[in-house]
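Residue numbers (the working numbering): 475 to 645.
Laid out in C-alpha cells, this is it:
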C-alpha cells in the first residue's frame, strides 16, 4: 500500500513537472518571438525584487543571448545567399577567360591566340564582371524572415548586411 502511494505521488509530481516544463517552453518561445520582433530587454528596468523576478530576468537574458547567437548564423547565410550567384559565375569566368581567343595586332588580324593573364588577374577580372550578378535582395529577405517587425535591430542588421554585400561584391 505504501508503494502504491509513493508511485501515485511520483506520477503526480511528473505531471506537475511536465506542465511546468511545457509552460517554460511556451514562455521561452514567446520571449524569442518578442525579441525577434524588436522588443529589446532593458536590463536596468527589469525587476529583481523577488526570486521569481530574478528567474524571469535570467530567462529573458538567456533567450536574448540565444536570439543574438542565431542572428549571426542567419546573417552569414544571408550574405552567402546574396553573393552565391556572383561567386559561382566568377569561378566559371576565371576558368574560361584564359581560354577565350583574341586577336593581337593590326588588320588583317593574326590567328587568334589564348589570352595571357598574370597571376590572379583572371580571378580579379571575373570577380568584377560577376559584381553585376550579386543579389542584395536575397540577403534582405533572409534577414526579414528571421527578424520580424519593424525594429531598430532589424533596420541596423539589414543596413550592415546590405553594406557588406555591396562592398564584397564590388571590391
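From the three backbone atoms N, C-alpha and C, an ideal C-beta is built for every residue, glycine too.
Since the structure is predicted, the reported quantities are computational estimates derived from the model, not experimental observations.
Assigned with DSSP and collapsed to three states, residue 547 falls in helix. When DSSP states are grouped into helix, strand and coil, residue 522 belongs to the coil group. One Cα belongs to residue 505, the other to residue 611, and the distance between them is close to 28 Å.
Spatial neighbours of residue 616 in its own chain (CB-CB distance under 7 Å, excluding positions within 5 residues in sequence) are listed in chain order as 548, 551, 552, 555. DSSP, read as helix, strand or coil, puts residue 638 in helix. Straight-line spacing of the CA atoms in residue 591 and residue 607 works out to 23 Å.
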